[in-house]
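**Student:**
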Amino acid sequence: MMYGSQIKIIDNYKESFSHEIPAVLPSDAPEKTETGVYQFTEEITSLALYTPDFRRDALYPEILEHLQKGNWQQSLFLLRVLQAQYPKAKEIEFMMQDAMLKSSIEENWSDKIKARRFAFTPSRILLRVAPVVLLFFLILGGVTYYGANQRVNAQAMERQAQLALAQTAVVEGHYEDAIATLQNLLETYPGDATIQNLLTDAQNQQDIANAYELGHRAMDAGNNSVALEYFLAIDNKTPGYRDVAQLIAQLQSTESASELFAAAETAYRAQQWVEAIDHYENLRILDGAYQAETTKLHLAEAYVQSGLHNVSIRPEQGADVELAQTSFRKALRLNPSENIAKIENELVTAYTNGEQALTANDSLQAVGLLKQIYQARPQYLGGFLGEQLYSSYLELGKQAQETGDYSKALEWYSLATVLQVKDVSEALERTQAVAILLTPTATPTIPPTPAPTATPVPLTMADFSGWIAFRSTRGYGSSIWVMRPDGSDVQPAPSDALEKIQDIYNQQMWSPDGNSRLLVKKQANVNTPNINIYKIREDLPTNWQREFIMTDFPGTEYDPVWAPDNKHIAFVSNHTGNDEIWLMDTEGGEYKQLTWNSWEWDKHPTWSPDGAQIAFFSNRSGLRSIWIMNADGSEQFNLSSVSTSEYEDWDPVWIR
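Encoded structure:
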C-alpha cells in the first residue's frame, strides 16, 4: 500500500492523526456508486473504458510539434503510424483530416500562383482575386473553427480521462498517484469543483488509510488504547470502513479483560478473596483465553481461602458450611492437585454428614464423624464443632448411664472432659458420679487392730518434674496421666494435675526472662482467615509498640512454646497442607520444618527442661499418641507405644 505522507514512528501515533478528518465531499458533489467510485457522466464512463491512451505514446508530442510548425506531410505520416497502433482513437482521424486539408490548400494554391503570370489591370485583378480570397478566408475560417472546436473537445476528453484515472487510483488505494494527477489537473483547470472534490476525497481517503495502518501498528505493539482511538476516529468519519467495526469490538473486549484482570490481581494480593473471585469469574466469562493459566491458579487459591474463612468462624459470625464446600469443590475443578482443597473438602463433607446425624438424633454416628474433624481441626467453625462433640459425648454417656452401663458412660464422659471447650465442669461432675457407682461396696467386717503406720504424703505435680504429663483415655476417674521421657512408668497424674497442667503449658508461652509472651490471633483489619503468632513485649511502656507479628503464612499457626534457652520457638503450622511442627528464632525468622507427613498431623509441641528435645502428639499410628524428637527434628519416636496401643494420648506437657 502507498501513502501520501511520511508515517511517523509508533511513539508518535497520535500526532500523525491528530487533525480532524474532513468531510469527504460537499453536498453538491457527484454521488458515489456502491463500490465507492464517483459517477460523473456517461461520457466520462465510456471514455474511461477505452484503453490505452494514445496521448501517452512517445509519437504524440512529436506530431504536435510538426502540426504547430506546419509540417503537414510529416504530421500525416506520423498520424498514420499512430492510427495503426490506436485504431479506435477518433481524435487521430480528426487530426489527420485537419492536416490533409491544410496540406492541400498549401500545395494547390501556392503552385498555381507561381506557374501563371498575367498582366492585369488593377480592376481586373481585383475582380479575379476577390472570389478566391473570399473562398480562402471562408475555408480558413472553417478550418480554424473546426480545429478550435476539435481542440476543445480533445481537452475535455483529456480532462475526463485523467479524472477517471485518478478515480480508479483512489479505488485501488493508490492515493499518492491520484492526488498527484488531480493536483496537476487543478493547475490546468483552477477552480474546477469536480476536480477539487475528488482531490479532497483522495486526501481524506489517504488520511483514513494512514490511520488504519497506524492503528494496526499500535495493536502489534500492544498499545491497544492508542489503536482504539484510531479505529474509533475512522468509524466516526467513515462507518463500515473495512473491518474497523470488528477491530473496535475486539479491542474493547481486550481492554475490558485487561481492566478486570488488574482488578482481580489487586484483590488477590490484598487477600480480598470474595472480590477476587468475582473479578476472575467475570474475566473468564468475558475472555476465557486472557491470562488463562494465571487466572485459573489464582482463582483456585481464592476459592480455597474463601472456604477456609467460612469454616474458621462460628455460625453466629456468618459461617456458611455449604458455601465452603462449594468453594473447595470449585477449587478442585480448577486445580485437581490442590492438596488443601482435597483435605478441606473431606472435612466439610464429614461435618455435613455429622450434622445430619445430629438432626436424626443419631449421636453415635455423629460422634464418629465429628471426632475425626476435631482431631484434625480442634477449632473448626471457631470451636463450635468442639461444642457439638462435647454435647454428643454427654448425650451418649447419659444414654449408657440410663441403661446401667456405667463403664461406657464413664468412657463417654471422660472423652468430654478433655475437649477444648470453654466449660467441661458438667462432664467432670458426671465422670466423678459414675466413677463412684463403679466402686464396689465392701462387705462389713471387724477390722483388726491396726498397727501404727506412717501416713503417706500425697504426690503433687512438683514431684514429677522432668516427666511428661498428657491427656489420655486410659482407666477411669482421671484424664491426666504422666510418664517418664522414655515412655515408662505410666500412671495417673496427682490430684492437682487438672488445675496445674494448663498453667504449666501456658507458662511455656512466656520467654524464660519473662519479658515477652506469645499470642495466637488473626491480623487486625485484614480480610483473611489466616491465624498467626504474635510476640507481646511486656517489658516495654504501654504507649510504645509492643506487638510484633512472628508468622505470616497462609493458613493457621498455633501452639507456640518458648525454648528454655530463649533462642527458639516451636509452633504448629498447616500452610504446607498438614499440621506440622516448625521452629523459628525469637524474632520471627529462620523458619525450619521439623516434621513431615503425607496426610497425618503433629500438634502441641512442648520443650524438655534442658531444651534438647520436643514432645508432641500425632495420629501417625492411627490413634493419637505421644511422640518425642530431638530439637532439630531427628530421632522421632512414639512414646505411647512403649506401654500400650489401645488408648489415645494427646496434649503433652513437659513438667518443669
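Residue 130 is where the sequence shown starts when you use this note's numbering, and the numbers rise one by one after that. Each residue gets a CB set at the ideal place from its N, CA and C atoms; glycine is no exception. Predicted, not measured: the structure shown is a model, and the values here were computed from it.
Which residue's Cα is closest to the Cα of Asp-708: Glu-358, Pro-693, Gly-718 and Phe-745?
**Tutor:** It is Phe-745 whose Cα lies nearest to the Cα of Asp-708.
**Student:** By how many angstroms is the C-alpha of Gln-674 removed from the C-alpha of Leu-380?
**Tutor:** Spanning the two alpha carbons is a distance of roughly 51 Å.
**Student:** Determine the direct distance from the alpha carbon of Ser-608 to that of Val-550, and round the result to whole angstroms.
**Tutor:** Between Val-550 and Ser-608, the C-alpha separation is close to 15 Å.
**Student:** CB-CB under 8 Å to Ile-784, same chain, minus the five flanking residues each way: which ones, in chain order?
**Tutor:** Hits under 8 Å: Met-590, Phe-593, Ser-594, Gly-595, Trp-596, Ile-597, Ala-598, Val-611 and Ile-633.
**Student:** From the beta carbon of Lys-732, is the nearest beta carbon of chain B less than 7 Å away?
**Tutor:** Judged by its chain identifiers, the structure shown contains no chain B, having just a single protein chain.
**Student:** Would you mind giving the Cβ-Cβ distance between Ser-521 and Ser-492, rounded to the nearest angstrom? I have them listed as a contact below 8 Å.
**Tutor:** Yes, Ser-521 and Ser-492 are in contact; Cβ-Cβ is about 5 Å, under 8 Å.
**Student:** If you draw a straight line from the alpha carbon of Ser-543 to that of Arg-506, how long is it in whole angstroms?
**Tutor:** So the alpha carbons of these two residues sit roughly 20 Å apart.
**Student:** Indicate, with yes or no, if the ligand GDP has a heavy atom lying under 6 Å from the CB of Leu-211.
**Tutor:** Although the ligand GDP was asked about, the structure shown includes no ligands whatsoever.
**Student:** How far does the beta strand (DSSP E) with Glu-316 in it reach, from first residue to last?
**Tutor:** Careful: Glu-316 lies outside any beta strand (DSSP E), inside the alpha helix (DSSP H) at 304 to 317.
**Student:** Give me, in chain order, the residues of the same chain whose beta-carbon lies closer than 7 Å to that of Glu-163; leave out the 5 immediate sequence neighbours on both sides.
**Tutor:** Here the model assigns Glu-163 a pLDDT of 45, short of 50, so the residue's position is not dependable and the matter cannot be decided.
**Student:** Just to confirm, are Asn-748 and Trp-756 a CB contact at a threshold of 7 Å?
**Tutor:** Their beta carbons are not under 7 Å apart, which means Asn-748 does not touch Trp-756 by this criterion.
**Student:** In this structure, how does DSSP classify Pro-444 when only helix, strand and coil are distinguished?
**Tutor:** The answer is helix: DSSP assigns Pro-444 an H, G or I state.
**Student:** At the level of alpha carbons, what is the spacing between Val-454 and Gly-643?
**Tutor:** A small correction: the amino acid at residue 454 is Gln; Val does not occupy that position in the sequence shown. About 44 Å.
**Student:** Which residue marks the beginning of the beta strand (DSSP E) containing Glu-709, and which one marks its end?
**Tutor:** Glu-709 -> beta strand (DSSP E) spans 709 to 714.
**Student:** Taking Asp-615 as the reference, which of Ile-472, Ser-737 and Gln-530 has the closest Cα?
**Tutor:** Checking every option, the nearest Cα to that of Asp-615 belongs to Ser-737.
**Student:** Can you name the start and end residues of the beta strand (DSSP E) that Asp-731 belongs to?
**Tutor:** First-last of the beta strand (DSSP E) with Asp-731: 731 to 736.
**Student:** For Gln-637, is the classification buried or exposed, using 16 other Cβ atoms within 10 angstroms of its Cβ as the cut-off for buried?
**Tutor:** Classification of Gln-637: buried, given that the 10 Å Cβ count is 16 or more.
**Student:** If you draw a straight line from the C-alpha of Glu-342 to the C-alpha of Gly-351, how long is it?
**Tutor:** Their Cα atoms are separated by approximately 14 Å.
**Student:** Measuring straight from C-alpha to C-alpha, what distance separates Asn-439 and Asn-659?
**Tutor:** Cα-Cα distance, rounded: 12 Å.
**Student:** Determine which residues share a DSSP beta bridge with Ile-743 and list them.
**Tutor:** The partner list for Ile-743 (beta bridge, DSSP) reads Trp-736 and Met-758.
**Student:** Span of the beta strand (DSSP E) holding Met-612?
**Tutor:** Note, Met-612: beta strand (DSSP E), 609 to 612.
**Student:** So what's Ala-699 in DSSP terms, helix, strand or just coil?
**Tutor:** Three-state DSSP puts Ala-699 in a strand.
**Student:** Buried or exposed, going by whether 16 or more other CB atoms sit within 10 Å of the CB of Leu-311?
**Tutor:** By the 10 Å Cβ count, Leu-311 comes out buried.
**Student:** Where do the N-terminal and C-terminal ends of the alpha helix (DSSP H) with Asp-330 fall, by residue?
**Tutor:** Here the alpha helix (DSSP H) through Asp-330 covers 322 to 349.
**Student:** Of all the options Asn-339, Asn-672, Asn-703 and Thr-680, which has the alpha carbon lying nearest to the alpha carbon of Asn-661?
**Tutor:** Nearest C-alpha to Asn-661: Thr-680.
**Student:** Going by the DSSP bridge assignment, what does Val-649 pair with across the sheet?
**Tutor:** Ile-662, per the DSSP bridge assignment.
**Student:** In chain order, what residues of the same chain lie with their CB nearer than 7 Å to the CB of Arg-246, ignoring the 5 residues before and after it?
**Tutor:** Residue confidence is low: Arg-246 scores 47 on pLDDT, short of 50, so the model does not pin down where it sits. Its coordinate-derived value is still stated next. No residues qualify anywhere along the chain.
**Student:** Give the range of the beta strand (DSSP E) segment to which Pro-689 is assigned.
**Tutor:** Run containing Pro-689: 686 to 691, per the beta strand (DSSP E) assignment.
**Student:** Within its chain, find whatever has a CB closer than 7 Å to the CB of Tyr-215; leave out the 5 residues flanking it on each side and keep chain order.
**Tutor:** Answer for Tyr-215: Phe-183 and Ile-221, listed in chain order.
**Student:** Hey, how far is the Cα of Glu-686 from the Cα of Leu-376?
**Tutor:** Whole-angstrom Cα-Cα distance: 52 Å.
**Student:** Express the C-alpha separation of Ile-665 and Lys-425 in angstroms, rounding to a whole number.
**Tutor:** Each residue's alpha carbon lies about 39 Å from the other.
**Student:** Which value, in whole angstroms, describes the spacing of the CA atoms of Asp-778 and Ala-538?
**Tutor:** Cα to Cα, Asp-778 sits roughly 19 Å from Ala-538.
**Student:** Between the alpha carbons of Ser-645 and Asp-780, how many angstroms are there, rounded?
**Tutor:** Computed Cα separation, rounded: 23 Å.
**Student:** Below 8 Å on the Cβ atoms is my contact criterion, and I expect Ala-448 with Leu-510 to pass it. Report the Cβ-Cβ distance as a whole number of Å.
**Tutor:** Confirmed, Cβ separation roughly 5 Å.
**Student:** Under 8 Å by Cβ, that's how I've got Val-450 and Val-477 pegged, so tell me the actual separation to the nearest angstrom.
**Tutor:** Contact holds; Cβ gap of about 6 Å.
**Student:** Which same chain residues end up closer than 7 Å to Pro-155 when comparing Cβ atoms and leaving out the 5 residues on each side of it in sequence?
**Tutor:** Summary for Pro-155: the model assigns pLDDT 41, below 50, so the residue's position carries little reliability; its value from the coordinates is reported in the next sentence. For Pro-155, where only same-chain residues beyond five positions count, the Cβ hits under 7 Å are Asn-326.
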